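Please read the structure below before turning to the comments.
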Amino acid sequence: MMSQSPAFSLQGKVVIQFGGTGLLGPALIKALGEAGATVVVASRSRASLDSLVAQEGAAGRVIHAEEVDTHSEASLHALRDRIVAQHQRVDGIVYNAASRPMTSFSDNLSAWKESMATNATGFFAAIRTFGDVMAAQGSGSIVNIASQMGTIGMNPWLYEGTAMKAPPDYFFHKGGMINLTRYLASHYGTQGVRVNVVSPGGIFNVSKPQAPAFLERYGKMTMLGRMADPRELGGAVVFLLSDASTYITGANLPVDGGYTAK
Amino acid sequence: MKSWHSLEGKTIWVTGGAGYLGSAITRELDAHCAKVICFDLPGRAEALVREQKLTRTVPLALDFYDTAGLPAAIDTLVATHGLPDGVVHLVMASSSGKRLEVLTADEFQRTFDLALTPTFVLCRALAEKMKIRGSGSIILYSSMYGIVSPDPRIYHDPMAPNPIDYGASKAAVLQMSRYLAVHYGPAGIRFNCISPGPFPNPGVQKGHPGLIQDLNRKTALNRIGHNQEIVGPTLFLLTDSASYVTGHNLVVDGGWTSW
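Here you go:
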């Protein structure tokens, strides 16, 4: 086994990931841990992280699970104070939290508002809270997890004949996340904090596979003929958090098998 | 599980591998157990290997601009050194250095001839061989000036602004990388592009302090890039850690194009 390049390593870095469940959360946590980071995962409910904590523990990696309500700036500030007290510093943020209160185009607008409360306001509040910590210490890297749906429109053909839907709020707040990333890169740039965004394509659900018709159509829309495996996102996130990418900021890195390149 | 960034046992070609950006990449690849074939002008790659005491790097000179002879030369190289797993193609920077008003049609044409056709011939020849194996990663290099125009106000007399033929050819390289990604994706070959921001070499840094200040101000990080900062992005795209990344233009520009 070759030695790990120091540049790609997260050894000695404290990384906070918002959102530890879903298709992507556990795979990202595993990648951060394998790269040597001290990982703090923050979620709405600590109970939802129990299996992740157990799984990482069994693999010999320790993660710190924290509960936070991103609707509340006080809750975010309390999280910040706990983390700074325990770890003294924050080197990286992975913003992977998302809520999906909307299920279709015609849902009541209350679902749209609820979506914005977490996906827009909660996102900004979390990034400002921890971005300011990193700016004060003079270094850090923020990686936001958006989606290819933040740059391209909805393609109904993909979903025809399946129960799958693509509600509109997601396309709005992921698009906003991508351009806010550029704003944040400018805002924090001179203070040594880099801000980038990773835009995953569709991720294959191993435990509950997407409809066969969808999988076939989706594959054809990519250059590599398939959906992403969750582990294929970890490389991009670790890279952007690490000192291997010190001159990259304000960038959007798609991990989408070429879906948006054509 | 294999380390996500492992380059162990891989063969990587670096064209222009002894230049300011290339030498940083060659050095790091050499340190990562890869077999590196480093191409540059006669004598330059040898000098890099000697001075840096590289142990896994084979220095070679190849005339990339001889497009008629290139396919046969590649056949011979592959027969001798094996088919590369990854290619870092830096030999396509070309620039007339001329002001727009005095640039001749022949000079404009020459930049395109040097930057584009050899790149196409090289990529196709290697990708057609990689197709049989079913894997490969090829990286082309564009520029921030393939995306945005230079700002003439930061180039003070007597320095000519970065010329139109340079940016136009860099934009073409970027588009070529996307076309190749789409064409060769089903065969398992990934093509990506890196667009460096301001990475002036030490000579320019020393000779034009005013320009460096202006370049700094154009980035969100308020500084120019240093050649070791192109290494991480290149290694990332070469390795399996980027196995689902293709057809992308990875900007390494300190935020130059983000605002």
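Chains X and V, in that order, give the protein sequences. Using our numbering, the first residue of the first sequence is number 1, and each one after it goes up by one. Using our numbering, the first residue of the second sequence is number 1001, and each one after it goes up by one. Every residue gets a Cβ at the ideal spot worked out from N, C-alpha and C, and that includes glycine. Bear in mind the structure is a predicted one, so any value in this text is a computation, not a measurement.
DSSP-derived helix/strand/coil call for residue i
{"i": "Asn1201 (chain V)", "result": "coil"}
{"i": "Val1245 (chain V)", "result": "coil"}
{"i": "Gln55 (chain X)", "result": "helix"}
{"i": "Glu232 (chain X)", "result": "helix"}
{"i": "Tyr259 (chain X)", "result": "helix"}
{"i": "Gly150 (chain X)", "result": "helix"}
{"i": "Trp200 (chain X)", "result": "Reading off the sequence, residue 200 (chain X) comes out as Pro, not Trp. Strand."}
{"i": "Gly1136 (chain V)", "result": "strand"}
{"i": "Ile1147 (chain V)", "result": "coil"}
{"i": "Ile29 (chain X)", "result": "helix"}
{"i": "Met1001 (chain V)", "result": "In this predicted model, Met1001 (chain V) has a pLDDT of only 32, less than 50, meaning its place in the structure is not dependable; the value taken from the coordinates is given anyway. In this structure, Met1001 (chain V) counts as coil in the three-state DSSP scheme."}
{"i": "Asp264 (chain X)", "result": "Residue 264 (chain X) lies beyond the range of chain X shown here (1 to 262); nothing can be said about it."}
{"i": "Lys113 (chain X)", "result": "helix"}
{"i": "Asn205 (chain X)", "result": "coil"}
{"i": "Ile1074 (chain V)", "result": "helix"}
{"i": "Ser9 (chain X)", "result": "coil"}
{"i": "Glu160 (chain X)", "result": "coil"}
{"i": "Gln1228 (chain V)", "result": "helix"}
{"i": "Asp50 (chain X)", "result": "helix"}
{"i": "Phe239 (chain X)", "result": "helix"}
{"i": "Thr1257 (chain V)", "result": "helix"}
{"i": "Asn1222 (chain V)", "result": "coil"}
{"i": "Ser245 (chain X)", "result": "helix"}
{"i": "Asn119 (chain X)", "result": "helix"}
{"i": "Glu1008 (chain V)", "result": "coil"}
{"i": "Lys1206 (chain V)", "result": "helix"}
For residue i: DSSP bridge partner residues
{"i": "Trp1013 (chain V)", "result": "V:Ile1037 and V:Val1087"}
{"i": "Gln17 (chain X)", "result": "X:Val41 and X:Val94"}
{"i": "Thr1057 (chain V)", "result": "V:Val1036"}
{"i": "Ile142 (chain X)", "result": "X:Ile93 and X:Val195"}
{"i": "Tyr1141 (chain V)", "result": "V:Ile1194"}
{"i": "Val1251 (chain V)", "result": "V:Ser1195"}
{"i": "Ser1189 (chain V)", "result": "Per the sequence shown, residue 1189 (chain V) should be read as Ile rather than Ser. Answer is V:Gly1136."}
Extent of the continuous alpha helix (DSSP H) to which residue i belongs
{"i": "Pro168 (chain X)", "result": "Pro168 to Gly189"}
{"i": "Leu1180 (chain V)", "result": "Ile1164 to Tyr1184"}
{"i": "Leu1215 (chain V)", "result": "Pro1209 to Arg1217"}
{"i": "Leu267 (chain X)", "result": "Since the first residue shown for chain X is 1 and the last is 262, residue 267 (chain X) is missing from the structure and cannot be characterised."}
{"i": "Glu1028 (chain V)", "result": "Tyr1020 to Ala1031"}
{"i": "Thr129 (chain X)", "result": "Phe123 to Gln137"}
{"i": "Leu224 (chain X)", "result": "Where Leu224 (chain X) is concerned, there is no enclosing alpha helix (DSSP H), given that its DSSP letter is neither H nor E."}
{"i": "Glu1051 (chain V)", "result": "Arg1044 to Glu1051"}
Range covered by the beta strand (DSSP E) that runs through residue i
{"i": "Leu79 (chain X)", "result": "Where Leu79 (chain X) is concerned, there is no enclosing beta strand (DSSP E), although the alpha helix (DSSP H) it sits in stretches over Glu73 to His87."}
{"i": "Tyr1155 (chain V)", "result": "First-last for Tyr1155 (chain V): undefined, no H or E at that position."}
{"i": "Val255 (chain X)", "result": "Asn252 to Val255"}
{"i": "Leu1237 (chain V)", "result": "That residue, Leu1237 (chain V), is in no beta strand (DSSP E); its alpha helix (DSSP H) goes Val1231 to Leu1238."}
{"i": "Ile63 (chain X)", "result": "Ile63 to Glu67"}
Closer than 7 Å: residue i CB and nearest the ligand PLP heavy atom
{"i": "Ala1018 (chain V)", "result": "Judged by which ligands are present, the structure shown has none, so any question about the ligand PLP falls away."}
Neighbour list for residue i in chain A, Cβ cutoff strictly below 8 Å
{"i": "Pro254 (chain X)", "result": "Protein chains X and V are contained in the structure displayed, whereas chain A is not."}
Whole alpha helix (DSSP H) elements within the stretch 1078–1134 of chain V, 4-residue minimum: 1105–1115 and 1117–1133
Original post:
Within the chosen definition, does the stretch 231–251 of chain X reach the stretch 22–34 of chain X through at least 3 CB pairs nearer than 8 Å?
Top reply: yes
Margin query: Within 8 Å, do at least three Cβ pairs link the stretch 186–195 of chain X to the stretch 1233–1249 of chain V?
Written below: Flag = no, the stretch 1233–1249 of chain V and the stretch 186–195 of chain X do not touch.
Subject >> Sufficient close CB pairs (3 or more, under 8 Å) joining the stretch 203–210 of chain X to the stretch 101–119 of chain X >> reply: no
- Looking at C-beta atoms only, is the number of pairs between the stretch 1006–1017 of chain V and the stretch 1076–1089 of chain V that lie closer than 8 Å three or more? yes
*Examine the Cβ distances between the stretch 243–251 of chain X and the stretch 219–229 of chain X and report whether three or more of them are shorter than 8 Å.*
no
| query | Are there three or more Cβ pairs, one per stretch, closer than 8 Å when the stretch 1074–1082 of chain V is compared with the stretch 1133–1140 of chain V? | reply | With the cut-off at 8 Å, the stretch 1074–1082 of chain V and the stretch 1133–1140 of chain V do not touch.
Any chance the stretch 1106–1120 of chain V sits against the stretch 1037–1053 of chain V, with 3 or more Cβ pairs inside 8 Å? no
Okay, do the stretch 1144–1163 of chain V and the stretch 1246–1256 of chain V touch, 3+ Cβ pairs below 8 Å being the bar? yes
Worksheet item: Within the chosen definition, does the stretch 1101–1114 of chain V reach the stretch 1154–1173 of chain V through at least 3 CB pairs nearer than 8 Å?
Response: yes
Is it a yes or a no for the stretch 145–153 of chain X touching the stretch 165–177 of chain X, going by three-plus beta-carbon pairs under 8 Å? yes
Item checked: Any 3 or more C-beta pairs closer than 8 Å across the stretch 1060–1075 of chain V and the stretch 1120–1134 of chain V -> Contact holds between the stretch 1060–1075 of chain V and the stretch 1120–1134 of chain V, because three or more Cβ pairs, one in each stretch, are under 8 Å apart.
inquiry  = Using a Cβ distance threshold of 8 Å, determine whether the stretch 85–104 of chain X contacts the stretch 13–23 of chain X, with at least three qualifying pairs required.
reply    = yes
Does the stretch 117–125 of chain X come into contact with the stretch 67–87 of chain X, if we say contact requires no fewer than three beta-carbon pairs (one atom in each stretch) closer than 8 Å? yes
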